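Have a look at the structure below, then the notes.
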Amino acid sequence: MLDLAFVNYEILNHTADLCIRVYGDSLENLLVNAGKAMMDSITNRKIVRNSEEIPIKIHGETDEELLVNWLQEILYNHEVKKMVFKDFKVQLINKTFAKGKAYGETIDKERHELYSDIKAVTYHNLKIVTGKDKLRVDIVFDI
2 MLDLAFVNYE ILNHTADLCI RVYGDSLENL LVNAGKAMMD SITNRKIVRN SEEIPIKIHG
62 ETDEELLVNW LQEILYNHEV KKMVFKDFKV QLINKTFAKG KAYGETIDKE RHELYSDIKA
122 VTYHNLKIVT GKDKLRVDIV FDI
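In terms of our numbering, the sequence shown opens at residue 2 and continues consecutively.
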């Protein structure tokens with residue numbers, strides 16, 4: 002049986018796409034863990050160096066919209082700036098605005114094996130659920 006006390010996310014079976022269930026003890030922690038889960042699906046995050054810091058600002062009318070916009074910003078920086086990330090920080094400023102940072106480096110093809118080509122973060126069945134001392138969300142990525 003999976004001990005959820007130490008797990009921040011798990012990969013779920015999903016037809017044709019990638020679905021990851023992410024956990025957090027706060028919305029900020031959920032966003033951080035979602036960024037890590039997405040990046041773990043892209044590359045081996047353990048070997049990524051925190052040599053660069055990318056500021057991220059997001060708006061959203063709902064927590065789900067904040068989550069999607071956060072992940073889209075990380076994905077944008079991965080695709081356009083050719084970066085991979087190891088760590089993230091997020092601070093909620095108010096209910097509709099958050100700012101954070103992504104820590105990583107430019108992709109080095111000799112060091113970074115790229116696993117999945119995530120094309121988009123979707124809203125498919127996206128709902129942040131509050132459970133006992135934890136938040137949970139299933140995120141579907143278009144690959």
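Beta carbons are placed, not taken as given, at the ideal position from N, Cα and C, and that holds for glycine. Everything numeric in this text was worked out from a predicted model, so none of it was measured.
If you check the beta carbons only, do residue i and residue j fall under 8 Å apart?
i   : j    : result
L19 : I119 : yes
T63 : H113 : no
Using only CA atoms, which one of the options lies nearest to residue i?
i    : options               : result
I59  : K102, E114, D88, F142 : K102
K83  : K47, E106, V49        : E106
T123 : I140, E80, Y116, K133 : I140
V91  : S117, F142, L72       : L72
I144 : E11, K133, M39, V23   : M39
For residue i, which residues from the same chain have a beta carbon less than 6 Å from its beta carbon, with the 5 sequence-adjacent residues on both sides left out?
i    : result
L136 : G25, L31, I129
E54  : K102, Y104
Helix, strand or coil, according to DSSP, for residue i in the structure here?
i    : result
V49  : coil
D4   : At D4 the pLDDT is 44, less than 50, meaning the model places this residue with poor confidence; the figure from the coordinates comes in the next sentence. Correct three-state label for D4: coil.
G36  : helix
E54  : strand
E111 : coil
N9   : coil
H79  : helix
So, at 7 Å on beta carbons, what are the nonlocal neighbours of residue i in its own chain, with the 5 sequence-adjacent residues on each side left out?
i   : result
L93 : L28, E29, A99
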